[in-house]
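Visitor: Chain order of the listed sequences is E, X, B and A. Using the numbering used here, the first residue of the first sequence is number 15, and each one after it goes up by one. Using the numbering used here, the first residue of the second sequence is number 15, and each one after it goes up by one. Using the numbering used here, the first residue of the third sequence is number 15, and each one after it goes up by one. Using the numbering used here, the first residue of the fourth sequence is number 15, and each one after it goes up by one. Before anything else, here's the structure in question.
Number of protein chains: 4
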Amino acid sequence: MDNDEIDRILEKNIPKSMRQRGRTTVDSLMSPIRDVLNRRRFPEKGLTDLQLEMMFQLLSSLDTDKDPEAARVGEREARIASPFIGRLSAGFNHGVGRSGKLAAPQPKAPGASLMQQVANSVALDAIRKLGLSNMKSGIVTPLSTGMSIALILSALRREQGINRVLFPRVDHASPHRAIAFAGLEKIVIPTLIEGDAVRVDLEQLKQQIESTESSAVLATTTFFPPRESDPVKDIAKSCAKHDVPLIINNAYGVQSDRIMSEIRSAADAGYVTAVVQSSDKNFLAPVGASIIVSPSEDFVEQITETYAGRASAAPIVQTLAALLAIGLENYRALQLEQSENLKILNERMNEIADKIGQRLLSVWNPVACALTMDGLDANEVGAKLYNMRVTGPRAVAKGEFGSSCDNYPHSYLVMNAAIGASKNDVETATMKLNKEVRR
Amino acid sequence: MDNDEIDRILEKNIPKSMRQRGRTTVDSLMSPIRDVLNRRRFPEKGLTDLQLEMMFQLLSSLDTDKDPEAARVGEREARIASPFIGRLSAGFNHGVGRSGKLAAPQPKAPGASLMQQVANSVALDAIRKLGLSNMKSGIVTPLSTGMSIALILSALRREQGINRVLFPRVDHASPHRAIAFAGLEKIVIPTLIEGDAVRVDLEQLKQQIESTESSAVLATTTFFPPRESDPVKDIAKSCAKHDVPLIINNAYGVQSDRIMSEIRSAADAGYVTAVVQSSDKNFLAPVGASIIVSPSEDFVEQITETYAGRASAAPIVQTLAALLAIGLENYRALQLEQSENLKILNERMNEIADKIGQRLLSVWNPVACALTMDGLDANEVGAKLYNMRVTGPRAVAKGEFGSSCDNYPHSYLVMNAAIGASKNDVETATMKLNKEVRR
Amino acid sequence: MDNDEIDRILEKNIPKSMRQRGRTTVDSLMSPIRDVLNRRRFPEKGLTDLQLEMMFQLLSSLDTDKDPEAARVGEREARIASPFIGRLSAGFNHGVGRSGKLAAPQPKAPGASLMQQVANSVALDAIRKLGLSNMKSGIVTPLSTGMSIALILSALRREQGINRVLFPRVDHASPHRAIAFAGLEKIVIPTLIEGDAVRVDLEQLKQQIESTESSAVLATTTFFPPRESDPVKDIAKSCAKHDVPLIINNAYGVQSDRIMSEIRSAADAGYVTAVVQSSDKNFLAPVGASIIVSPSEDFVEQITETYAGRASAAPIVQTLAALLAIGLENYRALQLEQSENLKILNERMNEIADKIGQRLLSVWNPVACALTMDGLDANEVGAKLYNMRVTGPRAVAKGEFGSSCDNYPHSYLVMNAAIGASKNDVETATMKLNKEVRR
Amino acid sequence: MDNDEIDRILEKNIPKSMRQRGRTTVDSLMSPIRDVLNRRRFPEKGLTDLQLEMMFQLLSSLDTDKDPEAARVGEREARIASPFIGRLSAGFNHGVGRSGKLAAPQPKAPGASLMQQVANSVALDAIRKLGLSNMKSGIVTPLSTGMSIALILSALRREQGINRVLFPRVDHASPHRAIAFAGLEKIVIPTLIEGDAVRVDLEQLKQQIESTESSAVLATTTFFPPRESDPVKDIAKSCAKHDVPLIINNAYGVQSDRIMSEIRSAADAGYVTAVVQSSDKNFLAPVGASIIVSPSEDFVEQITETYAGRASAAPIVQTLAALLAIGLENYRALQLEQSENLKILNERMNEIADKIGQRLLSVWNPVACALTMDGLDANEVGAKLYNMRVTGPRAVAKGEFGSSCDNYPHSYLVMNAAIGASKNDVETATMKLNKEVRR
């Protein structure tokens, strides 16, 4: 309802000054919603839950399944088995996308279509404002990072004839599955142990970039220590030289200014095809969506044409809601908190190391910190921490899969102080670790 | 809380008979929830919204992000940006699956893991009770039918070396995209026009099954007229003979006893690898999930290992909720209503046909009915119906893409009376069509 | 937001026909909400839950506690301890009323003030349409019928110097408490046993009306058999003659056309000051509100000035929501169902009576039916039914309080088929009664 | 469900350590809920919204309207017009109380009955822990403070024959209405102007206590300056001496340690019958409930027997939820914040006073601060502040009603820094006031 109408309705019995006050309130409340829908930017200040609720209700009310007068004679009409189920979908029962194009407006769902466009714009703007200002297009996919990588690879095959992936070794199942899903050949580039750090063998990678036909590179910025970020700028330059597409798996790198700055430099100095980031790990959304950005609008368009069919609106809604709930100011505050927590984590882990004759691995990582467990049963410590209600530590025994290299000389335990963690998380976890290892 | 505990709490001030009455109520209310969790069957009677809400709340309360004492030091800890976002996910913030295995229990999310297992079992049981009693395993995927087909094809390539798909022509973008996504070669099998019906050229398909190495067949049971269902029993026999996997795209076929019976016969008489069905079109869930069933437990296992990474829990939750909200008894009632509505649709369309000198296409279809529009501008009629708030009709002008054959001799308009549609939908849509074409 | 604005926002990327479709949907969805706010009538058709939710959200968004820019420096500012609590109040945290006047607009709460006015108008219109077309003013009170009667009595004392209440005997605690609360003297008018029925001694009542100074009458239309409705027309005439206010406690009489017609005649033929009805028993709202109507606008005004302080908005919101959810058409259908269920109840109870040598009391009642229990232990039967999960029967042993007379010659058991009960309720209850009494 | 059952359900497919982890989480989550239900104390730490939601769902699930097998044949069966309405009541559709006794268990509603008992106990415990440790019994009424006073007065009349109220003058409509509602005679005790402060004429009050038969005293602790709190200890002693009941209207005094301490002393040294406090102004609940406490269990019992009929459960639920959401620790923090904000308010107002040649009234008040507006148009300033979105200031022009005395020599403007206000509220409000008065 527009303001004049609200005014007319109030006019009947509510005194004039109260009426104006009511309008002022509703205007002020709606103003950030209007802004989001009109400007489609990552807002400076986050929206409140009430505002989010009103915005999604308005949007889902545009979909035809809400039309009380509609006669619905399709085989898919967003019918739902009970009201509870309509609440589970926030009213976006038609999902998103149109058969064969993920971002196409769907005639039965003008509201969901608009919501998705807003999500794509807001997410791109967030990524740009948080460091990747040279990205030109973006999309929120209803898929986690692994499947999003598969989507990109499949688009590269169709559009550019790519059928091999040069993959600097990371001991993580998802990217392997992604390459296999899309049916490309995987060429794993080995790593080198340099001091404590495990890094890609850059020379060998460059050589392969030069020599492997129809290949793309899948580089990684965030993984557990001792694996360090791939040197994306060097790789991008090499890719540019040999016209090889580069996909950057930036799973939880948005929170790190340093990583974002490296990726921006890479895209400035060389060739970056697409960057994939998790919406849950960076933006505190529930698991299930990714944000893909690219310096090329065309390439994002091609990605959207790769997805087969329609998709659940839920991951898109959840990601948009999380982005809007946070806003830039608060994201900066969360980043600050994250680096402070990481400092504390390092200190506490160092103290423990000193007491038990171990040490911290000397490896750069934006959120994590690793303690050697030489001579200890790392897996047992990990299991005990789980039972002590510490979630997230990663224990790797010497020789086990996980170090992204052969023959890593240490057992170790990794803990994170990622965005959204509280100081209390860090203090409690290290306190319990301390108890456990000194028992 | 257990009953003794409730009793003790009530005991303090509530008279004994009231106490017992309270227990009886809560027991009776919880009983269907216990049944679902213990037996994991498609229930005879649907659950109420209150019961669904309580069940999902109980399940999501098992996930570690609900633990007030947890110290969370991973990079993914199901943190959420605001309470509203936690409501959007029904509390399943950790998503489902474990890196590289869609159905694996996730240590941080015992509740979501259990929920997913229950969803898989209930969905399989529903499909079995609704006709495919010879299916042995099933999974609810957080992907619509197109992407689920891609998932299956990718598993077939990895496990059985399949790299070609024999695809009886259907003019629908999703399956084409699915084959391309997974990187398989597509061999389209042409159709024949037989009377009004468009059917696969079965002889040519059989020949290809015999002669094409490393191939699988992707058959379709439900599409718009004039395209009829593929003869899955014949195809399955031929596939069995030549050891060729057969995937059946049964998008919205669950509602049709005849189609379900044909698929069951196919699996009895020949070789059926997997059957894919939409959860929204068959079970009134929001768009975004599919149910894959198979006579082979191993094959479903292989599918789950194909998905790269974790996924949104939302499509799974929505599908499970829809299945439980309906229940078998009510599903049977909905099927009955559907066939009655289809009869009415046929009658109304026939009346219109008579009045304007057209006729209904003589084609078997479980939910749809097609009226020739020869000499009329089918697309204009379609557009006008859209503006008149009739959603779902499909208008195809002679010669346009959509008839699943070359040179179909008619323009036509398709309307559906699918499961969940009301008599009022059918009456209103045909009344508006009548107005439009007789103008 | 107004439609032009929605249009502009959609314009950016959504095709024109979809845009128009979106507007059409949202217009159609909002249309009943506009109607309610503009016309303030009991609607013909009920609103959907989505519409109710949107309407209350819009209204509560007008209250100043929603203003993001407000500086709140009062001692009452509708602050809430957590978001959950805001959901419990549907956002109406400021309550209703203004110190010393229940219906006065509250400057901090334009939305709640409007909501309350709409509730009063819709409730009055409902009562008028359902029979009392001669009522001129109405108010929804956040009090159940007993306290509403106290409110009316207190207003009568203040405005008209009334300090005695002539109360035709009804064995119900609430009206007694109401008279006592307001501090008036109660003069109970005895009843007579006429056949099976217990009726007020009309002659004695008339005499008292004539002779008692500063008195008002509190008559009752709905109570358990054997007590029959008071003859309100006769009483109203007598009251008019002697200028004595008449309050009618019409607790659950709205559902009965006969009772409503008698009250209308009473107000036409004589003097009716106010009629009180329960919102839960007549309109399927949660317990806690009443609707007071009167042929006199002034008297309703006086009632609102009697309430001390502000009040919870919840009972008002719940009543308005229930009225709007039902609507006139559906209310008529519910009334029809009620009379059919009452017929069934009578039949079943009659059958039971025959089998066990008892009989139904010959008493008119709009919803209830009473079976003699002579020689049986009525209280035991009542207790057993409670344990058998039959709620609502009323068992009165001969001589006990409850028959609204001294020395009623029967024990009996009352069951109701009130509005909102299902046929299944009636069938199950009588089946269990049958089991119990024939054991 | 009990833990063993959860374990059994999980056992089927979830690994053992995950199972234990799930149990640990759900146990830890439920533990504060168990505590509340078992111990019924104001908790040290507040409950989360998830915990509150689960607790109320559990409780409302005990009511018979949730029983799927119940046969409901009463005239009141908590039927609701739509699911939305059930959400509005948090499931407590039967309300609270039993005809003629507000706190009696209601056989159809074991859950609501228990909820109400818990609310009464938790509220009493909160009031005890926050200062009134000598109170023995308490009740949460579904009425605001004014009506709660009426309830108490009515009980005093019935039980102790009181029919006059000695009321130290406060210029507030509610208490006047309350006395009138219950039908008692009001004897206003005049005030004296002492310095800037307006205080009851204690000598005259004492004299009246001594001389007025059948009277009770209604004293007030919190009101706007210049009216100061009544000296409740002196009054209580005098009441004790002459056996006169004393009701203390402690509307928003819970937040003030000083006031609570005075009331405790009063009850120790003399005679305090009941103390009434607002749940919204002290505990951040929506408007609509009060907490009455008393040193006498019998008297609270009598109060519950004064209320006529049943009542909405909503105000009770909202109050209980607010109490539990806060908890003692956080309440202490809020109190601290309140006193700091009051200091800031005083400073800012003082600065403004200096600049414009006015001064702060020298009056003790726990939350408020008053600035003289001599020679200015106080009402205009008040109206402008309202339009500038400052809510809560109270402007009184010299000679107007509001100062609780005749001929108060100043115009003035009052602002509050009450519990729950933020520093930003205070800063913004005074900044806007500054702008306005210096214009």
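Just so you know, even glycine gets a beta-carbon here, dropped at the ideal spot from N, CA and C. Just so it is clear, the structure is predicted and the values come from calculations on it, not from any experiment.
If you draw a straight line from the alpha carbon of X:L374 to that of X:L359, how long is it in whole angstroms?
Guide: By 1-based counting over the second sequence, the position of residue 374 of chain X is 360. By 1-based counting over the second sequence, the position of residue 359 of chain X is 345. Near 11 angstroms, if we compare the C-alpha coordinates of X:L359 and X:L374.
Visitor: Could you give the first and the last residue of the continuous beta strand (DSSP E) run that contains E:T234?
Guide: The residue you call residue 234 of chain E lines up with position 220 of the first sequence. That run of the beta strand (DSSP E) goes S229 to T234.
Visitor: So that I know if they touch, is there some Cβ in chain B lying closer than 8 angstroms to that of X:Y400?
Guide: Here the question's residue 400 of chain X lines up with position 386 in the second sequence. So, interface residue.
Visitor: Going by alpha carbons, who is nearest to A:V289 out of A:N27, A:V246 and A:K449?
Guide: Translated into positions along the fourth sequence, residue 289 of chain A becomes position 275. Out of A:N27, A:V246 and A:K449, A:V246 has the C-alpha closest to the C-alpha of A:V289.
Visitor: Whose C-beta lies closer than 6 angstroms to the C-beta of A:A299 among residues of the same chain, with five residues either side of it excluded?
Guide: Along the fourth sequence, one-based indexing puts residue 299 of chain A at 285. Here the set comprises S293, Q332, T333 and A336.
Visitor: The alpha helix (DSSP H) spanning A:G160 covers which residue range?
Guide: Numbered from 1 along the fourth sequence, position 146 holds the residue referred to as residue 160 of chain A. Per DSSP, A:G160 belongs to the alpha helix (DSSP H) from T159 to Q174.
Visitor: To the nearest whole angstrom, what separates the beta carbons of A:I273 and A:N263, a pair I think is in contact under 8 angstroms?
Guide: By 1-based counting over the fourth sequence, the position of residue 273 of chain A is 259. By 1-based counting over the fourth sequence, the position of residue 263 of chain A is 249. So it is not a contact: roughly 11 angstroms between Cβ atoms.
Visitor: Against chain E, with Cβ distances strictly below 8 angstroms, would B:Q291 count as a contact?
Guide: Position 277 of the third sequence holds residue 291 of chain B. Taking Cβ atoms only, chain E never reaches closer than 8 angstroms to B:Q291, which makes this a no.
Visitor: Could you give the residue range of the alpha helix (DSSP H) that holds B:F181?
Guide: For the purposes of this step, residue 181 of chain B is identified with residue 167 of the third sequence, where counting begins at 1. Where B:F181 is concerned, there is no enclosing alpha helix (DSSP H), although the beta strand (DSSP E) it sits in stretches over R178 to P182.
Visitor: Kindly indicate which residue of E:M445, E:L447 and E:C419 has the alpha-carbon position closest to the one of E:R455.
Guide: One cannot answer for residue 455 of chain E here, as it falls past the ends of chain E, which runs 15 to 453.
Visitor: From the DSSP output, which residues share a beta bridge with X:R86?
Guide: As a working note, residue 86 of chain X is residue 72 in the second sequence. The partner list for X:R86 (beta bridge, DSSP) reads E:T405.
Visitor: Residues in the same chain with beta-carbon distance under 8 angstroms from X:R86, minus the five sequence neighbours each way, listed in chain order, please.
Guide: Indexing the second sequence from 1 puts residue 86 of chain X at position 72. Here the set comprises T78, D79 and R93.
Visitor: My guess is that X:Q372 and X:L356 are in contact by the Cβ rule of under 8 angstroms, so how many angstroms apart are they, rounded?
Guide: Counting from 1 along the second sequence, the entry for residue 372 of chain X is found at position 358. Counting from 1 along the second sequence, the entry for residue 356 of chain X is found at position 342. Between X:L356 and X:Q372 the Cβ distance is about 19 angstroms, and since that is not below 8 angstroms, they are no contact.
Visitor: Return helix, strand or coil for B:R241, following the three-state DSSP convention.
Guide: Locating residue 241 of chain B in the third sequence gives position 227, where the first residue counts as 1. The answer is strand: DSSP assigns B:R241 an E or B state.
Visitor: Alpha carbons only, please: which of E:E173, E:S425, E:S113 and E:G197 is nearest the one belonging to E:S326?
Guide: As a first step, residue 326 of chain E is located in the first sequence; it is residue number 312 there, counting from the start. The option with the nearest alpha carbon to E:S326 is E:S113.
Visitor: Please classify A:N401 as buried or exposed, where buried requires at least 16 neighbouring CB atoms within 10 angstroms.
Guide: Here the question's residue 401 of chain A lines up with position 387 in the fourth sequence. Exposed, by the Cβ-count rule.
Visitor: Please list, in chain order, the residues of the region 76-92 of chain A that have any C-beta partner in chain X closer than 9 angstroms.
Guide: Of all residues in the region 76-92 of chain A, L76, D77, T78, D79, K80, D81, P82, E83 and A84 have a Cβ within less than 9 angstroms of some Cβ in chain X.
Visitor: What residue ranges within the region 26-67 of chain X form continuous beta strand (DSSP E) runs of no fewer than 3 residues, ordered along the chain?
Guide: Entirely contained in the region 26-67 of chain X, not one beta strand (DSSP E) run reaches 3 residues.
Visitor: Identify the continuous beta strand (DSSP E) that holds B:Y426 and give its terminal residues.
Guide: Within the third sequence, the letter at position 412 stands for residue 426 of chain B. Run containing B:Y426: Y426 to N430, per the beta strand (DSSP E) assignment.
Visitor: Just to confirm before moving on: does the CB-CB distance between A:G100 and X:G36 stay below 8 angstroms?
Guide: Residue mapping note: residue 100 of chain A aligns to position 86 of the fourth sequence, counting from 1. Residue mapping note: residue 36 of chain X aligns to position 22 of the second sequence, counting from 1. No, Cβ-Cβ distance for A:G100 and X:G36 is not below 8 angstroms.
Visitor: At a CB-CB cut-off below 7 angstroms, which residues of chain A make contact with X:I28?
Guide: Counted from its first residue, the second sequence places residue 28 of chain X at position 14. Within 7 angstroms Cβ-Cβ: P119, P124, S127 and L128.
Visitor: Taking Cβ-Cβ distances shorter than 7 angstroms, what residues in chain E pair up with X:H186?
Guide: Residue mapping note: residue 186 of chain X aligns to position 172 of the second sequence, counting from 1. Neighbours of X:H186 on chain E, chain order: S113.
Visitor: Quick one: is B:T442 near chain X, going by C-beta distance under 8 angstroms?
Guide: Residue numbering aside, residue 442 of chain B sits at position 428 when the third sequence is read from its first letter. Chain X, which has no Cβ nearer than 8 angstroms to the Cβ of B:T442, makes this no.
Visitor: Would you list, in chain order, the members of the region 249-272 of chain X that have their beta-carbon closer than 7 angstroms to a beta-carbon of chain E?
Guide: So the list reads Y266, given in the order they occur along the chain.
Visitor: Between the alpha carbons of A:L232 and A:V202, how many angstroms are there, rounded?
Guide: Residue 232 of chain A sits at position 218 when you count from the first residue of the fourth sequence. Residue 202 of chain A sits at position 188 when you count from the first residue of the fourth sequence. Whole-angstrom Cα-Cα distance: 10 angstroms.
Visitor: Only counting the same chain, and skipping five residues up and downstream in sequence, which positions put a Cβ closer than 6 angstroms to that of B:L116?
Guide: As a position in the third sequence, residue 116 of chain B is number 102, starting the count at 1. If we look at B:L116 and ignore the five residues flanking it on each side, its Cβ neighbours are T318 and Y321.
Visitor: Between which two residues does the alpha helix (DSSP H) containing X:S279 stretch?
Guide: For the purposes of this step, residue 279 of chain X is identified with residue 265 of the second sequence, where counting begins at 1. Segment D271 to A283, the alpha helix (DSSP H) holding X:S279.
Visitor: Using only CA atoms, which one of B:S436, B:I249 and B:A339 lies nearest to B:H140?
Guide: Walking along the third sequence from the start, residue 140 of chain B turns up at place 126. Sequence check: residue 140 of chain B is Ala here, not His. That would be B:A339, whose Cα lies nearest to the Cα of B:A140.
Visitor: Apart from the five residues just before and just after A:M149, which ones in its own chain have a Cβ nearer than 8 angstroms to its Cβ?
Guide: Taking the fourth sequence and counting its residues from 1, one reaches residue 149 of chain A at position 135. Result list for A:M149: L138, I141, R142, A281, V289, V307, S308 and P309, in chain order.
Visitor: So if I threshold CB-CB distances at 9 angstroms, which residues from the region 45-60 of chain X count as touching chain B?
Guide: So nothing in the stretch comes that close.
Visitor: Does the beta carbon of A:D63 sit closer than 8 angstroms to a beta carbon anywhere in chain X?
Guide: Here the question's residue 63 of chain A lines up with position 49 in the fourth sequence. With 8 angstroms as the cut-off, A:D63 counts as an interface residue toward chain X.
Visitor: Which full runs of the alpha helix (DSSP H) of 4+ residues lie inside the region 303-378 of chain B, going along the chain?
Guide: Within the region 303-378 of chain B, the complete alpha helix (DSSP H) runs of at least 4 residues are 311-318 and 328-370.
Visitor: Taking 8 angstroms as the limit between beta carbons, can you name the residues of its chain near X:I176, skipping five residues before and five after?
Guide: In the second sequence, counting from the first residue as 1, residue 176 of chain X sits at position 162. Taken in chain order, the residues that qualify are L167, L170, L198, S228, S229, A230 and P259.
Visitor: Report the residue from B:S127, B:R55, B:A347 and B:P97 whose alpha carbon sits nearest the alpha carbon of B:D271.
Guide: On the third sequence, position 257 is the one that residue 271 of chain B refers to. Closest option to B:D271, Cα to Cα, is B:A347.
Visitor: Just reading off the alpha helix (DSSP H) that X:L102 is part of, what are its end residues?
Guide: Counting from 1 along the second sequence, the entry for residue 102 of chain X is found at position 88. First-last of the alpha helix (DSSP H) with X:L102: P97 to L102.
Visitor: I'd like the list of long-range same chain contacts for E:D244, defined as Cβ closer than 6 angstroms, with 5 residues on each side in sequence excluded.
Guide: Within the first sequence, numbered from 1, the residue matching residue 244 of chain E stands at position 230. Excluding sequence neighbours, E:D244 sits near P182, V214, A233 and T234.
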